[in-house]
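Protein chains in written order, with numbering that gives the first Met the number 0: chain A, 0 to 245; chain B, 0 to 289; chain C, 0 to 332. Positions of the beta carbon are idealized from the N, C-alpha and C atoms, including for glycine. Predicted, not measured: the structure shown is a model, and the values here were computed from it.
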Amino acid sequence: MSAVAQPLLAVRNATKRFRGLTAVSDVSFAVMPAEIFAVIGPNGAGKTTLFNLIAGAFALDEGEIHFDGRRIDGQSPDKICEQGIARTFQIVKPFPELSVRDNVAIGAMLRAPDMDSARAAADEILRKLDLFDKRGQKAASLTLPDRKRLEVARALATRPRLILLDEVMAGLRPTETDHMVAALRDINRAEQLAIVMIEHVMRAVMALAERVHVLHHGASIAEGPPQEVTRDARVIESYLGLKAAH
Amino acid sequence: MSLPLFVEVLIQGMLTGLVYGLMALGLSVIFGVVRVVNFAHGEFAVLAMYAAFVLFGLFHLDPIIASIPIAAAFFVIGYLLQRAVVQPFVTRPQHEQFILLVGLSIVIVNALLLIFGPESRHVDLPYSFDSFSIGSILIDEVRVYGALAALAVTAVLFAFFRFTSTGVAIRAAADNLVGAAVVGLDVKRLYAISFGVGLACVGAAGAIMMALTDMTPMLAPSLTLLAFTIVIVGGLGSMVGALAGGLLIGVAEAAASALASPSMKSMVSFGLLIVVLALRPQGLFGKAEA
Amino acid sequence: MSASPASPGARQTVALALFGLALVAAPFVVDRYILSIILLCLIGAYLGQAWNILMGFCGLLSLGHALYLGLGAYGAAALYVKFGIGPWLGVFVAMALAVAASFVIGWLGFRFRIEGVYFSLLTIAFAESARIGFDNWAWLGGAAGFFLPVRAEDFGQYWNLRGGPFFFYYLALALAAGGLFVSARLRASKLGHAWLAIREDAQAARALGVNVTRARFMALFVSAAMTAVGGVYLAFWGNNIFPGQIFDMAHSIDIMLGPIVGGVGTLFGPIVGSFLLVPLGEALIEALRALGLNAPGAKALVYGFLLMGIIAAAPSGVWPWLARRLRLQDREQ
Numbered sequence: 000m001s002a003v004a005q006p007l008l009a010v011r012n013a014t015k016r017f018r019g020l021t022a023v024s025d026v027s028f029a030v031m032p033a034e035i036f037a038v039i040g041p042n043g044a045g046k047t048t049l050f051n052l053i054a055g056a057f058a059l060d061e062g063e064i065h066f067d068g069r070r071i072d073g074q075s076p077d078k079i080c081e082q083g084i085a086r087t088f089q090i091v092k093p094f095p096e097l098s099v100r101d102n103v104a105i106g107a108m109l110r111a112p113d114m115d116s117a118r119a120a121a122d123e124i125l126r127k128l129d130l131f132d133k134r135g136q137k138a139a140s141l142t143l144p145d146r147k148r149l150e151v152a153r154a155l156a157t158r159p160r161l162i163l164l165d166e167v168m169a170g171l172r173p174t175e176t177d178h179m180v181a182a183l184r185d186i187n188r189a190e191q192l193a194i195v196m197i198e199h200v201m202r203a204v205m206a207l208a209e210r211v212h213v214l215h216h217g218a219s220i221a222e223g224p225p226q227e228v229t230r231d232a233r234v235i236e237s238y239l240g241l242k243a244a245h
Numbered sequence: 000m001s002l003p004l005f006v007e008v009l010i011q012g013m014l015t016g017l018v019y020g021l022m023a024l025g026l027s028v029i030f031g032v033v034r035v036v037n038f039a040h041g042e043f044a045v046l047a048m049y050a051a052f053v054l055f056g057l058f059h060l061d062p063i064i065a066s067i068p069i070a071a072a073f074f075v076i077g078y079l080l081q082r083a084v085v086q087p088f089v090t091r092p093q094h095e096q097f098i099l100l101v102g103l104s105i106v107i108v109n110a111l112l113l114i115f116g117p118e119s120r121h122v123d124l125p126y127s128f129d130s131f132s133i134g135s136i137l138i139d140e141v142r143v144y145g146a147l148a149a150l151a152v153t154a155v156l157f158a159f160f161r162f163t164s165t166g167v168a169i170r171a172a173a174d175n176l177v178g179a180a181v182v183g184l185d186v187k188r189l190y191a192i193s194f195g196v197g198l199a200c201v202g203a204a205g206a207i208m209m210a211l212t213d214m215t216p217m218l219a220p221s222l223t224l225l226a227f228t229i230v231i232v233g234g235l236g237s238m239v240g241a242l243a244g245g246l247l248i249g250v251a252e253a254a255a256s257a258l259a260s261p262s263m264k265s266m267v268s269f270g271l272l273i274v275v276l277a278l279r280p281q282g283l284f285g286k287a288e289a
Numbered sequence: 000m001s002a003s004p005a006s007p008g009a010r011q012t013v014a015l016a017l018f019g020l021a022l023v024a025a026p027f028v029v030d031r032y033i034l035s036i037i038l039l040c041l042i043g044a045y046l047g048q049a050w051n052i053l054m055g056f057c058g059l060l061s062l063g064h065a066l067y068l069g070l071g072a073y074g075a076a077a078l079y080v081k082f083g084i085g086p087w088l089g090v091f092v093a094m095a096l097a098v099a100a101s102f103v104i105g106w107l108g109f110r111f112r113i114e115g116v117y118f119s120l121l122t123i124a125f126a127e128s129a130r131i132g133f134d135n136w137a138w139l140g141g142a143a144g145f146f147l148p149v150r151a152e153d154f155g156q157y158w159n160l161r162g163g164p165f166f167f168y169y170l171a172l173a174l175a176a177g178g179l180f181v182s183a184r185l186r187a188s189k190l191g192h193a194w195l196a197i198r199e200d201a202q203a204a205r206a207l208g209v210n211v212t213r214a215r216f217m218a219l220f221v222s223a224a225m226t227a228v229g230g231v232y233l234a235f236w237g238n239n240i241f242p243g244q245i246f247d248m249a250h251s252i253d254i255m256l257g258p259i260v261g262g263v264g265t266l267f268g269p270i271v272g273s274f275l276l277v278p279l280g281e282a283l284i285e286a287l288r289a290l291g292l293n294a295p296g297a298k299a300l301v302y303g304f305l306l307m308g309i310i311a312a313a314p315s316g317v318w319p320w321l322a323r324r325l326r327l328q329d330r331e332q
C-alpha cells in the first residue's frame, strides 16, 4: 500500500447541473504526477464543463477536487492557477491588443519578481513553441494555429505542475499537430508536467495519452490505455460509432 | 403618517410611476435591442415636453392627447437618428457611444435653451386642480388621465412586440443577433425601428409629463438619471422591469417628497438603486448572465 | 528601413524633453492669457491620465469621475477653512475620501458582478447623488457654493497653496509631469500588465493567476486618488467650489474627453488630447464672440456638435496616428 504514489489531481464524484440539466454527473478520476491523460467524448459530453470545474471557473454541485493532496474546489481560478494548475480555453482567449511576448509575459508574471524576468521567461517558452519570431506582433494578427500555440505558451508560462489543454489540436494541420505533440512531450519529460487534454484529434490522443477517460452525456463510461478504450464496445457505440455515422 | 395620507401618497406615486415607467421603457427597448445606452434620454423627454407646450400654445391641445402625434413624430426622429448617426457606433466601444450621445444631449438642451430660454414653463389645463375623492383620499385628476394614457401607450407597445411580425423579429434580434442576421432579418432596419419605438415611448411620456409638472431645459439630466435608475432597478432590457421599476421609483419619490423634502427625491431613488443592486445585480426582472 | 538614425524610443524621449522644456520656459515667453490656457491643458492632461489608468489600462469605464474631483476639492478646502489645516496635509485626506468613495463603488460593482454598462451607470449615480447631497449640505455652503478666503497676508504660503499665477502654473506642470511619470511606471509594472490583461479579457487573466478583483480595486484607488489631488488644486486655484459645477456630469465628460480624443490606453493620449481640446474650446469662444453670438447656450450647442463630430472622426484617438507620423513609436503600443 505504501508504495502507491499519490495522485496529483483527484476528481471525486464531481457533479454539475445547469438549471436542472446535469452537465457532469458523478465523474471520478485521478491523474498521476507527470502523466498524460486524455478526456474524450462526443460534443456536449461535459468535457469543457469538467475543465471549468477543475480550474475553478464553475462551482461544483457535488463532489470534491483535490490537487497535490489539498482540496481545491471552491477556490477562485487565480488561486488554482497559483497552486499549479494552468488551463487553455477551447475558444482561444488571447489578449488581442498586446504583443505575443506580453501575452506570455503576463502568464510568467505569476512566478516572476518583475516584468523583465517575466519577459525573459516568456522568450524561453516562445522559442519552445516556435513563436519567438512573432513575439513583437499583436496577438490579434496571429493565425489560428499560432493562436492555439500562444494559448499553450501562455498557460505554460505560469509554470504549472498540471496543464489542462482544451482541444489545442483542433484546426491544426497534421504536421502542425505532430509538432505540437512533440513540443508537449518534450515539456512533459523535461519538467515532469502532468497534462490533461480534451481532444478530438485521435491521432494526438493515441500518440500522447497514457490513459484515456471517456465521457458520455456527462457520465464516465470507460477509462484505460487508449488502445483498450478504443476497443470498448460502449465507447464505440456512443462516441466513435456516432462519429462513423456522420 | 396617517393611513389616508399613506394611501394617497401610494396612489399618487403609482400614477406618476406609470408615466416614469413609460419613459424608462423607451430606454430599455433601445438598450435591449441596439445595445446602446441612450444618454440623451432625459433630453428627449424635455424635447417632448416643449413640443407639448408649443402644441398647447398654438392649438390649445391637451398634452395628454398631444402625446399621440408627438410619439409618432419621435418615432420618425428615432428611426432617422439611428440610421444616420447611431448605427456606425453600434460596434464601437461603450465610451465612444457615450460621448456621441452626450454630445447629442448637449445639442438638444442648448438648442431648447436658445429658443425658449431658461424660464420654467407649465400649461394650465381646465382640470389641473381638480381631484377625485374617495372618502378622505384625494387623487389629482390629471395624474389619473396621465397614467391611463401611459398605460394605453404601454399596452400598444406590448401588443406590437407580441403580435406584429416586426415586433417579433425585433425580439428575436435582441435575443440572438447572429441568428437574426442568418435568417435574413434586416438588422439595421430593426435597430432603427427599435430606436424609433424607444423615442416614441419617451416622446409620449414627456408630453404627458408636461401636464403634470413644470419644466425647464435644465430638468433633462435629472430625467436621464431617473430613467437609468428605473431601468437598472427593473433590469436593463426588460420591459416588465421598466414598468415595475417606474412604479417603485414613483412611489419612493412620492414618499420622500411627503416625508422629507422634494429635493431628497433623487437621493431616495438612488438609495433604492443601491439596495437593488446589492440584492439582485441584474435588476428585479433582468435575466442573470448565462 | 526607417530613414531616421535614432530609434523611436530615443526620438520619443527627445520630443518629450523638448516639449517639457518649452513648458518650463513658457511663463517667460507668453502672456498671462496664453499661460492660463496652457495651465488648463496641463490640468486636463493630468486628470486625463488619472481617468486613463482606470479605463485605458484596466478597461473600467467611469462616467462619474467628477465625484472624486469634488470630494478632493471639498475635503481639502473644508479642512483649510473650517479647521485651519493646510492642503499639504488636506491633500491626503482628500485622497482618502476619494479612495473610500471608490471603494464603495468598487465593492458594489465587483462584489456583485456589476459589470459593463451597469458599472458605468453606477459611477454616474454616485457622482449625481454627491452633487445633490452637497447642494443640500448647508455647513459647506450648499448650492450657494463654498469659498476660500483670499487674503493678501496669506500670499506666499506655498505650502497652503496660496500663490500667484506662476506658482499655480508650475504646480500644474508638476502635476502633469507627475501624472505621466506615475502612469508610465504603473504601465510598465506587473500591476500595469495585470490591468492590460484584464482590459483585454478578464476571464483569461484570471486563468493565468491574476487576482482580477484586487487589480481592479488598485486601478480604482489610484485613479480616484489622483483625481482628488486635481480637485484640491482646482479648489485652491479657483478659491470657490459649487456642487453644481464640480460634481457636474459635464466635468466628468471633460475629464474623459482628453484621453478619448488623444487615444485611450496610450501614455501620451491624455496629454495630446488635452492640448488639442482646451485651445479648441477657447478658440470656439473667441470665434462666437467675434460673430456676435453671445446668447446663453450658443457655445454649448456648438460644443455638442463638435463632440459628436470628433468622436465620429477619431475612433482610436489622435496620438497613435501622430506617433506613427512623427515616427515616435514602434508599431506596438
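| Item | Value |
| --- | --- |
| For the pair the segment 79 to 97 of chain C and the segment 243 to 251 of chain C, tell me if three or more CB-CB distances fall below 8 Å. | no |
| Using the three-state DSSP reduction, which class does L62/C fall into: helix, strand or coil? | coil |
| So, with DSSP's three-state summary, where would you put D165/A? | strand |
| Once DSSP output is grouped into helix, strand and coil, what is the label at S130/B? | strand |
| Hey, P32/A and L7/A: beta-carbon distance below 9 Å or not? | yes |
| Taking C-beta pairs closer than 9 Å, name the residues in chain A that L266/C reaches, listed in chain order. | Near L266/C there are no residues of chain A at all, since even the closest Cβ is about 14 Å away, more than 9 Å. |
| Which residue wins for smallest C-alpha separation from H250/C, given the options N238/C, L233/C, G264/C, T265/C? | L233/C |
| Step through the CB atoms of chain A and report whether any lies within less than 9 Å of the CB of K189/C. | yes |
| Quick one: which unbroken alpha helix (DSSP H) runs of 4-plus residues sit fully inside the segment 0 to 61 of chain B? Chain order, please. | 2 to 33, 40 to 58 |
| With distances taken Cα to Cα, identify the nearest neighbour of V230/B among G12/B, T15/B, F30/B. | F30/B |
| Rounded C-beta distance between Q93/B and V116/C? I'm assuming under 8 Å. | 7 Å |
| The segment 297 to 324 of chain C: which residues have C-beta closer than 9 Å to a C-beta of chain B, in chain order? | A297, K298, A299, L300, V301, Y302, G303, F304, L305, L306, M307, G308, I309, I310, A311, P314 |
| Could you pull out every residue in the same chain whose Cβ sits closer than 6 Å to the Cβ of W87/C, ignoring the five residues on either side in sequence? | W158 |
| For D185/A, does the count of other Cβ atoms within 10 angstroms reach 16, so buried, or fall short, so exposed? | exposed |
| Which value, in whole angstroms, describes the spacing of the CA atoms of D123/B and V152/B? | 23 Å |
| With contact counted as at least three CB pairs below 8 Å, one residue from each stretch, are the segment 16 to 24 of chain A and the segment 192 to 211 of chain A in contact? | no |
| The segment 108 to 135 of chain A: which residues have C-beta closer than 9 Å to a C-beta of chain C, in chain order? | M108, L109, R110, A111, P112, D113, M114, A117, G135 |
| Exposed or buried, which one is P62/B when buried takes at least 16 other CB atoms within 10 Å? | buried |
| Can you look up E63/A in the DSSP assignment and give me helix, strand or coil? | strand |
| Going along chain B in order, which residues have a C-beta closer than 8 Å to the C-beta of Y117/C? | I231, L235, L276, P280 |
| Pull up the distance between the alpha-carbon of F131/A and that of S116/A, whole angstroms please. | 16 Å |
| Helix, strand or coil: which one does DSSP assign to F160/B? | helix |
| What did DSSP end up calling E190/A once you bin it into helix, strand or coil? | helix |
| Given 8 Å as the limit, is there contact between the segment 233 to 247 of chain B and the segment 69 to 83 of chain B, that is, 3 or more CB pairs closer than that? | no |
| Do A107/A and C80/A have their C-beta atoms within less than 9 Å of each other? | no |
| Is there at least one Cβ from chain C nearer than 9 Å to D145/A's Cβ? | no |
| I'd like to know whether the C-beta of L179/C is nearer than 9 Å to at least one C-beta of chain A. | no |
| What distance in whole Å lies between the Cβ atoms of F56/C and L195/C, which are believed to be in contact at a cut-off of 8 Å? | 6 Å |
| Using a Cβ-Cβ cutoff of 7 Å, what residues of the segment 91 to 112 of chain B are near chain C? List them in chain order. | R91, Q93, H94, E95, F97, I98, L99, V101, G102, L103, I105, V106, N109, A110, L112 |
| Run through chain B and tell me which residues come within less than 9 Å of A294/C, C-beta to C-beta. | L112, L113 |
| Sorted by chain position, which residues of the same chain lie with C-beta nearer than 6 Å to Q332/C's C-beta, five sequence neighbours on each side aside? | Residue placement at Q332/C is poorly supported in this model, since its pLDDT is 41, which falls under 50; the coordinates are not used for a value here. |
| Going by Cα to Cα distance, which pick from A182/A, A206/A, V23/A, A208/A is closest to R126/A? | A182/A |
| Got a sec: is the Cβ-Cβ distance from I29/B to anything in chain C below 9 Å? | no |
| Apart from the five residues on each side of it in sequence, which residues of its chain come closer than 7 Å, Cβ to Cβ, to E175/A? | P144 |
| Along the chain, where does the alpha helix (DSSP H) that runs through T265/C open and close? | Neither: T265/C is in no alpha helix (DSSP H) and is coded neither H nor E. |
| Could you check if H64/C is buried or exposed, using at least 16 other CB atoms within 10 Å of its CB as the buried criterion? | buried |
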